[in-house]
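K.L.:
Mind having a look at this structure? Questions to follow.
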Amino acid sequence: MEALLKQTPVQAVVVAPEMTTLIGVGSIDGVVLPADSALLVFCFGGVGLPATLRIAHDADAEPLGQAAEGAASLSLVVTHEVLGRLFGWEAAPEHGRRYHLTSEQRAIGLALRDYPPGTFCEAYRTGKSIELLCETGRLLADGDLVPVAVDGVLSLADSRRLVDARRIIDERWSEKLTLDGLARACGINRAKLTRGFRELYRCTVAEALAERRLAEASRRLLSTDLPVSKIGYESGYLNNASFARAFGRRFGVSPSEYRGRTLAA
Numbered sequence: 248m249e250a251l252l253k254q255t256p257v258q259a260v261v262v263a264p265e266m267t268t269l270i271g272v273g274s275i276d277g278v279v280l281p282a283d284s285a286l287l288v289f290c291f292g293g294v295g296l297p298a299t300l301r302i303a304h305d306a307d308a309e310p311l312g313q314a315a316e317g318a319a320s321l322s323l324v325v326t327h328e329v330l331g332r333l334f335g336w337e338a339a340p341e342h343g344r345r346y347h348l349t350s351e352q353r354a355i356g357l358a359l360r361d362y363p364p365g366t367f368c369e370a371y372r373t374g375k376s377i378e379l380l381c382e383t384g385r386l387l388a389d390g391d392l393v394p395v396a397v398d399g400v401l402s403l404a405d406s407r408r409l410v411d412a413r414r415i416i417d418e419r420w421s422e423k424l425t426l427d428g429l430a431r432a433c434g435i436n437r438a439k440l441t442r443g444f445r446e447l448y449r450c451t452v453a454e455a456l457a458e459r460r461l462a463e464a465s466r467r468l469l470s471t472d473l474p475v476s477k478i479g480y481e482s483g484y485l486n487n488a489s490f491a492r493a494f495g496r497r498f499g500v501s502p503s504e505y506r507g508r509t510l511a512a
């Protein structure tokens, strides 16, 4: 088992008033953490344990310094204000969601954790903490982090294929996408695509596609003067009635009402 599983005292690195890094597992008595913060817990894996990242919205509600993650020995405590300003996390990642670490994240985290004590240790760990936060923010923003399947049935390779399918939906939402076409494009069979999508994203492929199309339609209703019927057609709806029904279910008002109310406000 890797050294990361040892019960070592927590070391706190104050990167800035808005960010503190916790290294090790143990007591955090006397450590003053930033208020109104999120928690990013990095687990570097071991025998039978994947390397993962878990994101929690409220650091104060978490068992900081405890071995709750099994292999947790590095946590970043960062204020929501900083996350929003740097990475646009106003719509934060789902609370408690776990993601597979990339090789780059793992390398940065291990270098941060294992740097030997000495004159330059604090400066080095401060720099690596910022690097790890920025790399994680970039990966989340680009949709390149792969969620961990809740029941563990999906392999990492299959999870990556499902992320590719989600990216196709996000980028090619205006095209006529089908389950078979998505499955072929991502190198996964149709059954695993449908099951896996529910597992990773808690929705069906059709629901994800509809949400993406309606989000784009709502944006265009406010940013253009295109007719509602044209926006609906270009969003994949063959007639205005089906577009109005879908839009009403999602936003609670018709497309025309949505445009009028929002612009009036």
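Heads up: the sequence shown is residues 248 to 512, going by my numbering.
Idealized CB from N, CA, C, for every residue including glycine.
If you're wondering where the values come from, they're calculated on a predicted model, not measured in any experiment.
Can you look up Val475 in the DSSP assignment and give me helix, strand or coil?
P.N.:
Residue numbering aside, residue 475 sits at position 228 when the sequence shown is read from its first letter. The answer is helix: DSSP assigns Val475 an H, G or I state.
K.L.:
With distances taken Cα to Cα, identify the nearest neighbour of Gly356 among Arg385, Phe291, Ala303, Trp420.
P.N.:
To locate residue 356, count along the sequence shown from 1; it is residue 109. Of Arg385, Phe291, Ala303, Trp420, the residue nearest in Cα terms is Phe291.
K.L.:
Looking at the structure shown, is Leu461 part of a helix, part of a strand, or coil, going by DSSP?
P.N.:
Residue numbering aside, residue 461 sits at position 214 when the sequence shown is read from its first letter. Residue state, collapsed to three classes: helix.
K.L.:
Could you give the distance in angstroms between the alpha-carbon of Ala315 and the alpha-carbon of Arg385?
P.N.:
On the sequence shown, residue 315 is found 68 positions in, with the first residue counted as 1. On the sequence shown, residue 385 is found 138 positions in, with the first residue counted as 1. Summary for Ala315: the model assigns pLDDT 47, below 50, so the residue's position carries little reliability, and this model does not support an answer.
K.L.:
Could you tell me how far apart the beta carbons of Pro394 and Arg467 are, in whole angstroms, since I believe they sit closer than 8 Å?
P.N.:
If you number the sequence shown from 1, residue 394 lands on position 147. If you number the sequence shown from 1, residue 467 lands on position 220. Going by Cβ atoms, the distance from Pro394 to Arg467 rounds to 29 Å, so no, they are not a contact pair.
K.L.:
By the DSSP assignment, the beta strand (DSSP E) with Leu269 in it spans what residues?
P.N.:
Numbered from 1 along the sequence shown, position 22 holds the residue referred to as residue 269. Segment 266-270, the beta strand (DSSP E) holding Leu269.
K.L.:
Give every residue of the same chain whose Cβ lies closer than 8 Å to the Cβ of Ala455, excluding the five residues on either side of it in the sequence, and list them in chain order.
P.N.:
One-based indexing of the sequence shown puts residue 455 at position 208. So the list reads Arg413, Ile416, Phe444, Tyr448, once near-sequence residues are dropped.
K.L.:
Determine the burial state of Ala282: buried for a count of at least 16 other Cβ atoms within 10 Å of its Cβ, exposed for fewer.
P.N.:
Against the sequence shown, residue 282 aligns to sequence position 35. By the 10 Å Cβ count, Ala282 comes out exposed.
K.L.:
Spatial neighbours of Asn487 within its chain, please: CB distance less than 6 Å, with the 5 preceding and 5 following residues excluded, ordered by chain position.
P.N.:
The count along the sequence shown starts at 1 and reaches residue 487 at position 240. Cβ neighbours of Asn487 beyond the five flanking positions: Ser476, Gly479.
K.L.:
What three-state label does DSSP hand Tyr362 in the structure shown?
P.N.:
Here residue 362 refers to the residue found at position 115 when the sequence shown is read from its first residue. Three-state DSSP puts Tyr362 in coil, outside helix and strand.
K.L.:
Provide the residue(s) that pair with Ala285 in DSSP beta bridges, ordered along the chain.
P.N.:
Position 38 of the sequence shown holds residue 285. Per DSSP, Val325.
K.L.:
Which residues in the same chain have their Cβ closer than 6 Å to the Cβ of Ile270, if we skip the five residues on either side of it in sequence?
P.N.:
On the sequence shown, position 23 is the one that residue 270 refers to. Closer than 6 Å at Cβ, skipping near neighbours: Gln258, Leu321, Arg360.
K.L.:
Can you give me the C-alpha to C-alpha distance between Ala453 and Leu424, rounded to a whole angstrom?
P.N.:
Translated into positions along the sequence shown, residue 453 becomes position 206. Translated into positions along the sequence shown, residue 424 becomes position 177. Approximately 9 Å, taken between the alpha carbons.
K.L.:
So, is Gly365 buried or exposed, given that buried needs 16 or more other C-beta atoms within 10 angstroms?
P.N.:
The sequence position of residue 365 within the sequence shown is 118, counting from 1. It is exposed - the Cβ of Gly365 has fewer than 16 other Cβ atoms within 10 Å.
K.L.:
Give a yes or no on whether the C-beta atoms belonging to Ser402 and His347 are separated by under 8 Å.
P.N.:
Numbered from 1 along the sequence shown, position 155 holds the residue referred to as residue 402. Numbered from 1 along the sequence shown, position 100 holds the residue referred to as residue 347. No; because the gap between Cβ atoms is not below 8 Å, this pair is not in contact.
K.L.:
Which one of Gly495, Leu469, Ala491, Gly390 has the shortest CA to CA distance from Arg506?
P.N.:
In the sequence shown, the residue the question calls residue 506 occupies position 259. Ranking the options by Cα distance to Arg506, first place goes to Leu469.
K.L.:
Using 8 Å for Cβ pairs, my map puts Val260 next to Glu369. What's the rounded Cβ distance?
P.N.:
If you number the sequence shown from 1, residue 260 lands on position 13. If you number the sequence shown from 1, residue 369 lands on position 122. Confirmed, Cβ separation roughly 7 Å.
K.L.:
Use the C-beta contact count for Thr451: other C-beta atoms within 10 angstroms, 16 or more gives buried, fewer gives exposed.
P.N.:
Taking the first residue of the sequence shown as position 1, residue 451 is located at position 204. That one is exposed.
K.L.:
According to DSSP, simplified to helix, strand and coil, what is Tyr371?
P.N.:
Walking along the sequence shown from the start, residue 371 turns up at place 124. Here Tyr371 sits in helix by DSSP.
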